[in-house]
Amino acid sequence: MPARLTETAAMTTRSFVHSAHAQRVVFGQGSVRALPDELDKLGVRRALVLCTSGQTEQAQSILRGIGSRGVGLHDGAAMHVPVEVARSARAEASKLNADVLLAVGGGSTIGLAKAIALESGLPIVAVPTTYAGSEMTSIYGLTEGGLKRTGRDIRVLPRTVVYDPALTYELPAATSVVSGLNAIAHASEALYASDSSPITDLMAVEGLTALARALPLLADRSTAGAPVQAKAREDALYGAWLCGAVLGAVSMALHHKLCHTLGGTFGLPHAETHAVVLPHALAYNANFARPAMERIATALNGRSAPAAAFDLAHACGAPCSLRELGLSKADLQRATDLALQNQYPNPRPLEAASIAQLLRDAFDGVRPN
181 MPARLTETAA MTTRSFVHSA HAQRVVFGQG SVRALPDELD KLGVRRALVL CTSGQTEQAQ
241 SILRGIGSRG VGLHDGAAMH VPVEVARSAR AEASKLNADV LLAVGGGSTI GLAKAIALES
301 GLPIVAVPTT YAGSEMTSIY GLTEGGLKRT GRDIRVLPRT VVYDPALTYE LPAATSVVSG
361 LNAIAHASEA LYASDSSPIT DLMAVEGLTA LARALPLLAD RSTAGAPVQA KAREDALYGA
421 WLCGAVLGAV SMALHHKLCH TLGGTFGLPH AETHAVVLPH ALAYNANFAR PAMERIATAL
481 NGRSAPAAAF DLAHACGAPC SLRELGLSKA DLQRATDLAL QNQYPNPRPL EAASIAQLLR
541 DAFDGVRPN
């Protein structure tokens, strides 16, 4: 039996439950032109376009493209979705009598759409322009009083996702890399999630493989504008779709708990934090999730999962330490304490001394053995 089929068969020899939620995915070059038809399919006529202040021009172009179906543009999306930002956008959607939210951007914008939908019930159409993967999950997050609260609710799952690789062409190399590493973190944790399945395993490995192939090319500025970059953009968006889908199907573990803590409480940038923390979270769990670690290492072209994740980030020029992101050494103890509260399911029990060491290693940028 071929090796891949043998591995696939081995994955299925366990009990599992797999739940899938209906979403329409439109993928391909130029697919953004299908937005008017996609809105018509949903029976909506008053779209509020959402974006960050840095993506206003791109969002305005999409607003023009949907014609009379667009009723306005709100460019106030912000990282970690502060509750004040969510309230302001929710009020604007109500004032304009919007019947759909059209989120153009990455995790911040899609997160804002989810925060509005959580209370209003408005459907979301997502047009991702980064590799965050949030568009494929029913996970939402809101930050209030220095604490980030996350949850799952089917109301926030986008109904339609339009992936157009052309919309990512202007994404800077540095942003592309950390966004892709964020997606890699989703799939890595999915492989040792307590509720994983053979379906999520296969999707995770495929997503990791596509991103590991794409990110070094996106980091190579000497190939900017070359056909190889266009193919890499397609691979990265394809990988992000798969990685986001598996995150939406399984539970999050220690890695995401740490990143939510560091982002929500200390204001660290979302994708960069994922890039820094992942190798150390993998090292923490390595001896408790060996089959998953082997798959991650293979997909990332390394001998061990923690080292492969670190080496990929380093080779692509991503930040490798929490110190670089602006965290203070004095914050490590509070981060440790918060990580032990409201724990996510994790292969290895959470131990205060070991979590503290994990954070010290991440702070210093130590390469995991």
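Using our numbering, the first residue of the sequence shown is number 181, and each one after it goes up by one.
All C-beta atoms, glycine included, are put in the ideal place defined by N, C-alpha and C.
Quantities reported herein were computed from a predicted structural model and do not represent experimental measurements.
Contacts around residue i, its chain only, beta-carbon distance under 6 Å, and the 5 residues preceding and following it disregarded
| i | result |
| --- | --- |
| residue 503 | 543 |
| residue 387 | 367, 419, 422 and 423 |
| residue 545 | 500 and 501 |
| residue 290 | 283, 306, 314 and 315 |
| residue 242 | 284 |
| residue 293 | 230, 281, 283 and 304 |
| residue 224 | 279 and 280 |
| residue 471 | none |
| residue 233 | 255 |
| residue 188 | Summary for residue 188: the model assigns pLDDT 45, below 50, so the residue's position carries little reliability, and this model does not support an answer. |
Same chain only: Cβ atoms within 8 Å of residue i, ignoring 5 sequence neighbours per side
| i | result |
| --- | --- |
| residue 410 | 345 and 349 |
| residue 251 | 226, 227, 228, 276, 277 and 278 |
| residue 516 | 532, 535, 536 and 539 |
| residue 326 | 444 and 445 |
| residue 431 | 373, 374, 375, 524 and 525 |
| residue 197 | 375 and 377 |
| residue 572 | With the chain covering 181 to 549 only, the question about residue 572 has no answer from this structure. |
| residue 222 | 280, 303, 305, 339 and 340 |
Below-7 Å beta-carbon distance, residue i vs any chain B residue
| i | result |
| --- | --- |
| residue 475 | The chain inventory of the structure shown lacks chain B, comprising one protein chain alone. |
Local Cβ density within 10 Å of residue i, reported as buried at 16 or more and exposed below that
| i | result |
| --- | --- |
| residue 288 | buried |
| residue 195 | exposed |
| residue 334 | exposed |
| residue 437 | buried |
| residue 342 | buried |
| residue 381 | buried |
| residue 201 | exposed |
| residue 186 | Low confidence applies to residue 186: its pLDDT is 41, below 50, so where it sits in the model is not reliable, and the reading given next is rough at best. Residue 186 should be labelled exposed. |
| residue 263 | exposed |
| residue 541 | buried |
| residue 191 | Confidence at residue 191 is low in this model, with a pLDDT of 47, below 50, so its placement is unreliable and the value that follows should be read with caution. So residue 191 counts as buried. |
| residue 328 | buried |
| residue 415 | buried |
| residue 321 | buried |
| residue 549 | exposed |
| residue 529 | exposed |
| residue 413 | buried |
| residue 403 | exposed |
| residue 235 | buried |
| residue 308 | buried |
| residue 495 | exposed |
Proximal residues to residue i (C-beta, below 7 Å), its chain only, five neighbours per side dropped
| i | result |
| --- | --- |
| residue 505 | 448, 449, 452, 453, 456 and 499 |
| residue 383 | 422, 425 and 426 |
| residue 479 | 385, 388, 389 and 392 |
| residue 359 | 286, 310, 311, 312 and 451 |
| residue 299 | 270 |
| residue 365 | 435, 454 and 458 |
| residue 183 | Residue placement at residue 183 cannot be trusted, given a pLDDT of 46 that sits under 50; what the coordinates show is reported in the next sentence. None. |
| residue 237 | none |
| residue 246 | 215, 216, 219 and 227 |
Residue i: first and last residue of the uninterrupted alpha helix (DSSP H) it sits in
| i | result |
| --- | --- |
| residue 291 | 287–300 |
| residue 470 | 470–479 |
| residue 348 | Premise fails: residue 348 is in no alpha helix (DSSP H) and is neither H nor E. |
| residue 267 | 263–275 |
| residue 540 | 532–544 |
| residue 245 | 236–245 |
| residue 201 | Note, residue 201: premise wrong, no alpha helix (DSSP H); not H, not E. |
| residue 514 | 512–519 |
| residue 467 | Element bounds for residue 467: n/a, residue is neither H nor E. |
| residue 489 | 485–495 |
Enclosing beta strand (DSSP E) for residue i [first to last residue]
| i | result |
| --- | --- |
| residue 253 | 250–254 |
| residue 319 | 319–324 |
Bridge partners - residue i, DSSP secondary structure assignment
| i | result |
| --- | --- |
| residue 307 | 284 |
| residue 223 | Paired residues: none, contrary to the question. |
| residue 331 | 320 |
| residue 207 | 343 |
| residue 230 | 254 and 283 |
Residue i: CB within 6 Å of a non-hydrogen atom of the ligand NAD
| i | result |
| --- | --- |
| residue 462 | Of ligands this structure carries none, so the ligand NAD is not represented either. |
Fully enclosed by the segment 355–441, which alpha helix (DSSP H) runs are 4 residues long or longer?
For the segment 355–441, whole alpha helix (DSSP H) runs of length 4 or above, ordered along the chain, are 378–399 and 407–429.
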